[in-house]
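The next block holds one structure in the form of structure tokens; read it before the comments.
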Amino acid sequence: MGIRPFFPHRCLSGLPNLSSTSFMSLTPELEAIRKEVEGYAREYGLDFFDVIFEILDFDKLNEVASYMGFPTRYPHWRFGMEYEQLQKSYTYGLQKIYEMVINNDPSYAYLLKCNNDVDQKLVMAHVYGHVDFFKNNIWFSHTNRKMMDGMANHGARIRRYIDRYGEEKVERFLDCCLSLENLIDPHSPFIKRQDEKPRFNFQEEEEEKTIKKLKVERPYMDSYINPADFLESQKKKLEQEAEKKQKFPENPERDVLLFLINHAPLENWQLDILSIIRDEAYYFAPQAQTKIMNEGWASYWHSKIMTQKCLKDSEVVDYADHHSGTLSTRPGRINPYKLGIELFRDIEDRWNKGKFGKEYEECDDLEKKKNWDKKLGLGMQKIFEVRKIYNDVMFIDAFLTEEFCREQKLFTYRYNEQTQMYEIADRDFKKIKASLLFSLTNFGQPFIYITDANYGNRGELYLQHRYEGVELRIDYAKDTLQNLYTLWKRPVHLETVVNDKGILFTFDGKNHEERRI
Amino acid sequence: MSSKIERDHARFNQIIRGKIKKELRRYMTRGELIGKKGKDLVSIPIPQVEIPHFEFETRKLGGVGQGEGEPGTPIGRGDAEPGQGAGETPGDHILEVDLSLEELAKILGEELELPRIEPRGKKNIVNEKERYTGIRQVGPESLRHFKRTYKAALKRQLATGTYDPNHPLVIPIQEDKRYRSWKLTKEPESNAVIFYIMDVSGSMGDEQKEVVRIESFWIDTWLRSQYKGIESRYIIHDAVAREVDSHTFYHTRESGGTIISSAYELCNRLIDAHYNPSEWNIYIFHFSDGDNWYGDTDKCLSILENHLLPKVNLFCYGQVRSFYGSGQFKGEIDEYFADAENVVTSEINSKEGIYDSIKEFLGKGK
Chain A
0 MGIRPFFPHR CLSGLPNLSS TSFMSLTPEL EAIRKEVEGY AREYGLDFFD
50 VIFEILDFDK LNEVASYMGF PTRYPHWRFG MEYEQLQKSY TYGLQKIYEM
100 VINNDPSYAY LLKCNNDVDQ KLVMAHVYGH VDFFKNNIWF SHTNRKMMDG
150 MANHGARIRR YIDRYGEEKV ERFLDCCLSL ENLIDPHSPF IKRQDEKPRF
200 NFQEEEEEKT IKKLKVERPY MDSYINPADF LESQKKKLEQ EAEKKQKFPE
250 NPERDVLLFL INHAPLENWQ LDILSIIRDE AYYFAPQAQT KIMNEGWASY
300 WHSKIMTQKC LKDSEVVDYA DHHSGTLSTR PGRINPYKLG IELFRDIEDR
350 WNKGKFGKEY EECDDLEKKK NWDKKLGLGM QKIFEVRKIY NDVMFIDAFL
400 TEEFCREQKL FTYRYNEQTQ MYEIADRDFK KIKASLLFSL TNFGQPFIYI
450 TDANYGNRGE LYLQHRYEGV ELRIDYAKDT LQNLYTLWKR PVHLETVVND
500 KGILFTFDGK NHEERRI
Chain B
0 MSSKIERDHA RFNQIIRGKI KKELRRYMTR GELIGKKGKD LVSIPIPQVE
50 IPHFEFETRK LGGVGQGEGE PGTPIGRGDA EPGQGAGETP GDHILEVDLS
100 LEELAKILGE ELELPRIEPR GKKNIVNEKE RYTGIRQVGP ESLRHFKRTY
150 KAALKRQLAT GTYDPNHPLV IPIQEDKRYR SWKLTKEPES NAVIFYIMDV
200 SGSMGDEQKE VVRIESFWID TWLRSQYKGI ESRYIIHDAV AREVDSHTFY
250 HTRESGGTII SSAYELCNRL IDAHYNPSEW NIYIFHFSDG DNWYGDTDKC
300 LSILENHLLP KVNLFCYGQV RSFYGSGQFK GEIDEYFADA ENVVTSEINS
350 KEGIYDSIKE FLGKGK
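Chains as they are written, first to last, in numbering that gives the first Met the number 0: chain A, 0 to 516; chain B, 0 to 365.
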């Protein structure tokens, strides 16, 4: 297996705690390269925060990567696990992190010390692409641009709780919170889900609502204008409304973490930790929402800047090697770099040639379609627009075409129970698109809602999984319920579907139960 | 100051060790560890150190890939059964942790509450070892201690005023020179040899051998952690006994009758030829299904009593339950050697019995 270059732009930041000897700013040679690359990037119209480059050796880079880029994060064993895996895969030559960049203003980017100059040049161009994306993509608009300080602050708070309440206790609680960290509502920064209601504003008892009949001019028409089933449905509606009023929460709640912060019986330090976990989850969410676009955009620009501007003859082979490694594909997996860059190029090409719109869509002459060129030259403008307002789901939905699928040899795969192998299932465009969209929607994770926080009128928490054809992993679900119980302190339920039958999983503090519903 | 990641890493390792310890009984009944044994590391697959989330069953998920191939072309191996083995493609949920055998033995010892072994004949055997611990003023140039020589020369030059800071040249003369020197230290050394004897007659099936294989692995791991130099000898027997290498030991299947005494005789001969009981700690582990040739049992008991037992630290007899075996031999030994201190017998009904059996065997600390 070759070395697979790997750019998790999972962001990093925060320098304290790292001694000055382990961090190096750019050498004069690299600084000259940086200036050159930055100049080209600006020429092309990229718009980014200032970027501070630091150079790290492997150990440090792995350390920083284990903390998802923030060396000052709170202490937790899972970062140690991450570190172990990174160190191992580096030792065995399986993967190598070339660079990391964090979404912050100014942005921090970390370069690997032992890379040669071509690699550094490429990586810098790549980084400027990422930072432009961070700054301009709408989905990042609500992220904290001072997260470097934010993370350090979180770290300090949690360390203080450890000092005060003990490592075991805090760790146990952190584990529980982290187990629920994906239960957020990533769109909530953009939408007002519910009107804020003052808590103690009691309204006077409303008079009982009556069924509204449609206006009848002539009494004998009454049974035609307001037939019995219409009245019945109106009555039901009223009843439902009344029922809903009594429900808590009134509407299914997706931001489980927020709900717990507001309503779970927790101590102050626990509330604080829970809100820290929630903050960080929301900070990282846009990166997961735009993985394909973000990597595609950065790759698009490193390739453009390198091949059109600053690549020297002597560097071509190294560049090609690195670039092709980054974009290499393996059968069982989508490479976001590859998919992203190809889609951006496809969009650019289509909008340059005018391959869009009603006339193009309705043309059924394949030859004509293939050579379609209206010389519009809108490509560059279009891709900048796309990077501003799209996320991965919208990106794939809008721009993945049948021609593109065929060209890129995409397929869907499935698990074959008999052979215990994953195998290619289909090359049908619609299925590929559906599968890809499914894997991107909600980060490829199940939708879980709190539907009732007073289940059975006993203050029990009732969660519902919106089943869309894929089952949950049961052992994990049970463990997660157990963790949820630790926070809620009353029995917790999860409604889901197993083998096409509705199942209710319950954990009551001692035992797991499951029953058909 | 240790870095932050070291702390988190250490904590992670601690959690892993805890997991292994908790699940030891389960690991001990599985043969797969043995297959993963390297020179001095074992890779232990540990499921689910991850933090659980509500997530999809990955195998039912499917997905999108890229590349050549017709529908039906396999692209990667899936999980053999849930939570075991790693899928090559999406979502690897198994973590392999490398553990040194020594550490594994430590965990084993703690969990089974095995006492440390007091080696026999420890005082008798003394080995002389050279250690370079001292410094002398004479010696061969190859042992010259550069740093100390330099320091001595520098001191002398400073004292005599011949040192010039602007021209810091230090030249040692003969009396500045320092040499490493060795001292002979006497070290007690304990050697040990383990004899594994297995009945390979027709009645010992694959399942029984698997039990023996796993149990020997753990015994070996424990004893190796207790002695520095250790040797293993393997003897198989049906109606006749012969010495084999470890591979043959675990993989042969003979058929025919069983004469246990043949193995004891061979073992005794080997001990006499190679292992002087005053210098060696000798362990014998004998696994059988308890069937023996009628009339041979008395001979076995007499060899044990007169020849083997006086020479060994411990004689362990493990009776693996098999469909065919009569299982009488254990009863005979128990009865005859009821008072003997260095005889342990144990009945292993299935893989699950390994854990307790090892505890019985090694729990005496002999």
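For glycine and all other residues, C-beta sits at the position ideal for the given N, C-alpha and C.
(request) Sort His52/B, Lys329/B, His8/B, Arg16/B by Cα distance to Gln481/A and report the nearest one. (result) His52/B
(message) Give me, in chain order, the residues of the same chain whose beta-carbon lies closer than 7 Å to that of Arg426/A; leave out the 5 immediate sequence neighbours on both sides.
(response) Phe410
(request) Note down, in chain order, every chain A residue with its Cβ under 8 Å from the Cβ of Phe55/B. (result) Gly443, Gln444, Pro445, Val469, Glu470, Leu471, Arg472
(request) With distances taken Cα to Cα, identify the nearest neighbour of Leu270/A among Asn370/A, Val169/A, Leu93/A. (result) Val169/A
(request) Per DSSP, which residues does Arg332/A bridge with? Please list them. (result) Arg329/A
(request) Check Gln245/A in the structure and name its three-state DSSP category. (result) Judged by DSSP in its simplified three-state form, Gln245/A adopts helix.
(message) Counting only Cβ-Cβ distances shorter than 8 Å, please list the residues of the segment 418 to 440 of chain A near chain B, keeping chain order.
(response) Thr418, Gln419, Met420, Tyr421, Glu422, Ile423, Ala424, Asp425, Arg426, Ile431, Ser434, Leu435, Ser438
(request) Please name the residue in Lys298/B, Gly68/B, Arg10/B whose C-alpha comes closest to that of Arg329/A. (result) Gly68/B
(request) Using 10 angstroms around the beta-carbon of Lys154/B, count the other beta-carbons present and answer buried if the total reaches 16, otherwise exposed. (result) Classification of Lys154/B: exposed, given that the 10 Å Cβ count is below 16.
(request) Please classify Cys176/A: is it buried, with 16 or more other beta-carbons within 10 angstroms of its beta-carbon, or exposed? (result) Flag for Cys176/A reads buried.
(request) Verify the contact flag: Val311/B, CB atom, against every heavy atom of the ligand SAM, threshold strictly below 8 Å. (result) Of ligands this structure carries none, so the ligand SAM is not represented either.
(request) With a cut-off of 8 Å on the beta carbons, I'd call Thr296/B and Gln318/B a contact; round off their distance for me. (result) Going by Cβ atoms, the distance from Thr296/B to Gln318/B rounds to 13 Å, so no, they are not a contact pair.
(message) Mapping the DSSP letters down to three states, classify Asn61/A as helix, strand or coil.
(response) The three-state secondary structure of Asn61/A, taken from DSSP, is helix.
(request) Within the same chain, show all residues whose beta-carbon is closer than 6 Å to that of Val243/B, passing over the 5 residues directly before and after it, in chain order. (result) Tyr233, Ile235
(message) Between Leu338/A, Asp320/A, His75/A, which has its C-alpha nearest Glu294/A's C-alpha?
(response) Nearest option by C-alpha distance: Leu338/A.
(request) Would you check if the distance between the CB atom of Tyr389/A and the CB atom of Met305/A is smaller than 9 Å? (result) Judged by their CB atoms, Tyr389/A and Met305/A are not nearer to each other than the 9 Å cut-off.
(request) Taking the CB atoms as reference points, tell me whether Tyr82/A and Val122/A lie closer together than 9 Å. (result) no
(request) Report yes or no: do three or more beta-carbon pairs, one from the segment 8 to 18 of chain B and one from the segment 29 to 47 of chain A, lie closer than 8 Å? (result) no
(request) Scan the segment 6 to 30 of chain B for residues whose Cβ lies nearer than 9 Å to a Cβ of chain A and list them as they occur along the chain. (result) Arg6, Asp7, His8, Ala9, Arg10, Phe11, Asn12, Gln13, Ile14, Ile15
(message) I want to see whether chain A comes within less than 9 Å of Glu102/B, judged by CB atoms only; does it?
(response) no
(message) Any contact between the segment 209 to 216 of chain B and the segment 174 to 183 of chain B? By contact I mean 3 or more CB pairs, one from each, below 8 Å.
(response) When C-beta atoms of the segment 209 to 216 of chain B are compared with those of the segment 174 to 183 of chain B, fewer than three pairs fall below 8 Å, so the two segments do not count as touching.
(request) Kindly list, in the order they appear in chain A, the residues whose Cβ is closer than 7 Å to that of Leu60/B. (result) Under the 7 Å cutoff, chain A gives Val469.
(request) Pair every Cβ in the segment 245 to 256 of chain A with every Cβ in the segment 141 to 159 of chain A, then say whether three or more of these pairs are closer than 8 Å. (result) The segment 245 to 256 of chain A is not in contact with the segment 141 to 159 of chain A.
(request) Measure the C-alpha to C-alpha separation of Phe398/A and Ile382/A and round it to an integer number of angstroms. (result) 11 Å
(message) Buried or exposed for Val311/B, going by 16 or more other Cβ atoms inside 10 Å?
(response) buried
(message) If the criterion is Cβ atoms closer than 9 Å, does the pair Ala524/A and Phe172/A meet it?
(response) The shown model of chain A, from 0 to 516, leaves out residue 524/A, and the question about it has no answer.
(request) Examine chain B for any beta-carbon lying closer than 9 Å to the beta-carbon of Ile516/A, and answer yes or no. (result) For Ile516/A, the answer is no, since every Cβ of chain B falls outside 9 Å of its Cβ.
(request) Determine the chain C residues that contact Val41/B at a beta-carbon separation under 7 Å, and present them in chain order. (result) Among the protein chains of the structure shown, namely A and B, there is no chain C.
(message) Strictly below 8 Å CB to CB, what residues from chain A border His166/B?
(response) Those do not exist, as His166/B stays about 32 Å from chain A at its closest Cβ, beyond 8 Å.
(request) Express the C-alpha separation of Gln207/B and Lys350/B in angstroms, rounding to a whole number. (result) So the alpha carbons of these two residues sit roughly 9 Å apart.
(message) Taking 8 Å as the cut-off, does the segment 61 to 74 of chain A touch the segment 136 to 155 of chain A (at least 3 CB pairs, one atom from each stretch)?
(response) yes
(message) Run through chain A and tell me which residues come within less than 7 Å of Pro139/B, C-beta to C-beta.
(response) Going along chain A, no residue has its Cβ under 7 Å from Pro139/B, so there is no contact; the nearest lies around 40 Å.
(message) In the DSSP output, what is Ser287/B paired with across the bridge?
(response) Per DSSP, Gln318/B.
(message) By DSSP's criteria, Thr411/A is part of a beta bridge. Which residues make up the other side?
(response) Thr411/A pairs with Asp425/A, Val63/B.
(message) For Glu512/A and Tyr475/A, what's the separation of their Cα atoms in angstroms?
(response) Spanning the two alpha carbons is a distance of roughly 15 Å.
(message) When you compare the CB of Thr72/B with every CB in chain A, is at least one pair closer than 9 Å?
(response) With 9 Å as the cut-off, Thr72/B counts as an interface residue toward chain A.
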